[in-house]
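Read through the structure below, which is laid out as structure tokens, and then see the notes.
There are 6 protein chains.
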Amino acid sequence: MKYGARNAITAKVKSVKKGDVMSLVKYEITTPAEMASVLTTESCEDLGLKEGDTVKLVIKAIHVLPVKE
Amino acid sequence: MKYGARNAITAKVKSVKKGDVMSLVKYEITTPAEMASVLTTESCEDLGLKEGDTVKLVIKAIHVLPVKE
Amino acid sequence: MKYGARNAITAKVKSVKKGDVMSLVKYEITTPAEMASVLTTESCEDLGLKEGDTVKLVIKAIHVLPVKE
Amino acid sequence: MKYGARNAITAKVKSVKKGDVMSLVKYEITTPAEMASVLTTESCEDLGLKEGDTVKLVIKAIHVLPVKE
Amino acid sequence: MKYGARNAITAKVKSVKKGDVMSLVKYEITTPAEMASVLTTESCEDLGLKEGDTVKLVIKAIHVLPVKE
Amino acid sequence: MKYGARNAITAKVKSVKKGDVMSLVKYEITTPAEMASVLTTESCEDLGLKEGDTVKLVIKAIHVLPVKE
Numbered sequence: 118m119k120y121g122a123r124n125a126i127t128a129k130v131k132s133v134k135k136g137d138v139m140s141l142v143k144y145e146i147t148t149p150a151e152m153a154s155v156l157t158t159e160s161c162e163d164l165g166l167k168e169g170d171t172v173k174l175v176i177k178a179i180h181v182l183p184v185k186e
Numbered sequence: 118m119k120y121g122a123r124n125a126i127t128a129k130v131k132s133v134k135k136g137d138v139m140s141l142v143k144y145e146i147t148t149p150a151e152m153a154s155v156l157t158t159e160s161c162e163d164l165g166l167k168e169g170d171t172v173k174l175v176i177k178a179i180h181v182l183p184v185k186e
Numbered sequence: 118m119k120y121g122a123r124n125a126i127t128a129k130v131k132s133v134k135k136g137d138v139m140s141l142v143k144y145e146i147t148t149p150a151e152m153a154s155v156l157t158t159e160s161c162e163d164l165g166l167k168e169g170d171t172v173k174l175v176i177k178a179i180h181v182l183p184v185k186e
Numbered sequence: 118m119k120y121g122a123r124n125a126i127t128a129k130v131k132s133v134k135k136g137d138v139m140s141l142v143k144y145e146i147t148t149p150a151e152m153a154s155v156l157t158t159e160s161c162e163d164l165g166l167k168e169g170d171t172v173k174l175v176i177k178a179i180h181v182l183p184v185k186e
Numbered sequence: 118m119k120y121g122a123r124n125a126i127t128a129k130v131k132s133v134k135k136g137d138v139m140s141l142v143k144y145e146i147t148t149p150a151e152m153a154s155v156l157t158t159e160s161c162e163d164l165g166l167k168e169g170d171t172v173k174l175v176i177k178a179i180h181v182l183p184v185k186e
Numbered sequence: 118m119k120y121g122a123r124n125a126i127t128a129k130v131k132s133v134k135k136g137d138v139m140s141l142v143k144y145e146i147t148t149p150a151e152m153a154s155v156l157t158t159e160s161c162e163d164l165g166l167k168e169g170d171t172v173k174l175v176i177k178a179i180h181v182l183p184v185k186e
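Protein chains in written order, with our numbering: chain A, 118 to 186; chain B, 118 to 186; chain C, 118 to 186; chain D, 118 to 186; chain E, 118 to 186; chain F, 118 to 186.
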């Protein structure tokens, strides 16, 4: 089972809130994780990203896809 | 400093690969994290998501936004 | 009329479910279609994608933009 | 194997073009397919979407996730 | 010509930078514009968004779709 | 405060509509703005984008992230 995505994080469901059309699900990350981001090289240079920097990784919940294997 | 996004994870940069237009950056998650996803209620029910379930959270790298505070 | 997107598929509306803020619309693909995806070269190599392979193309409904010409 | 996404279309790889950081892959849809979109109820009403309407479904290639099962 | 999206802003191309697979295009907004965002109600309440507030609207370039009518 | 995104537009909140899970917020752009898009070089060439062209920039509301600094 392989995904064409850099991020596939194991997580445990903590809560499910069902709405009329959309639902919000919350998770706990249960194992150490690595992540990857793609951004324009211009943005990368504006941020001056380099090894060892600490950043916040902001992700809208709509972009997180839960999969049951 | 507040974001209109459910996910804002502290991470440390491990590597930066710069391309002509796009760059790929990798991170280590340095603190325990929680995440949230929004999906259609239909998908939620098809998956049968409930508290305690283990899932993979798949996120394309392009949807991860690094921010320096 | 031209879009800056690789995928523009002709489809017929089958159902519309209106919610308070978001709505879910379903379609039938009425003509043979081609699609394209962009992913990191790393993910592409991890998947080992090559001509003739069969894959599932997974797309969250939120990323599908209906247009009436 | 279940995805928290409304769209999971079987497709065959036609071509792969690898770039320095990102790659572009093209597919043929090999089976009849249904699709779903989520949009704001406001946009849905502005479009006047109803059963039987013909639309174009526009999807940026970056939002298409290939998966090998 | 109608889009199932809340934002359709008239803009003038200022520069085009073509890469091997992806290109970066810059624009000037030539007419006063309104925009809309959808976020979880939780994020909306955490931000405490109300009429008259000033915010930054952050959008990754990959999510901007140019269309020629 | 720096974002790994090409677009960060100052805006004023005009209205907030809260739904059960998702909310829709509208804004006025209060200062002249520039924007950027990333698309495949193929789409860029199909559109024939060049300096001075007028286009519509279409953005689904879900991709707009409000931030309070």
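Backbone N, C-alpha and C fix where the C-beta goes; we use that ideal spot for every residue, glycine too.
These figures come from a predicted structure and were not determined experimentally.
Residues of its chain near residue i, where Cβ-Cβ distance is below 6 Å and the 5 sequence neighbours each way are ignored
| i | result |
| --- | --- |
| residue 132 of chain E | 143 |
| residue 155 of chain D | none |
| residue 177 of chain B | none |
Within 8 Å, strictly: CB atoms of residue i and residue j
| i | j | result |
| --- | --- | --- |
| residue 152 of chain D | residue 146 of chain C | yes |
| residue 158 of chain F | residue 127 of chain F | no |
| residue 175 of chain D | residue 166 of chain C | no |
| residue 136 of chain F | residue 137 of chain C | yes |
Cβ-heavy atom distance, residue i to the ligand FMN, below 7 Å
| i | result |
| --- | --- |
| residue 133 of chain F | For the structure depicted, the ligand FMN is absent and the ligand set is empty, with no information on it obtainable. |
Neighbour-count burial assignment, residue i, 16 or more Cβ in a 10 Å radius
| i | result |
| --- | --- |
| residue 169 of chain F | exposed |
| residue 139 of chain E | buried |
Presumed contact (8 Å Cβ cut-off) between residue i and residue j, rounded CB distance
| i | j | result |
| --- | --- | --- |
| residue 182 of chain A | residue 122 of chain D | 6 Å |
Residue from the options whose Cα sits closest to the Cα of residue i
| i | options | result |
| --- | --- | --- |
| residue 185 of chain C | D/120, D/161, D/137, D/119 | D/161 |
| residue 172 of chain F | E/119, E/120, E/125 | E/125 |
Nonlocal neighbours in the same chain, by C-beta distance under 8 Å from residue i, ignoring five residues either side
| i | result |
| --- | --- |
| residue 120 of chain B | 184 |
Contacts around residue i, its chain only, beta-carbon distance under 7 Å, and the 5 residues preceding and following it disregarded
| i | result |
| --- | --- |
| residue 134 of chain F | 140, 141 |
| residue 118 of chain A | 186 |
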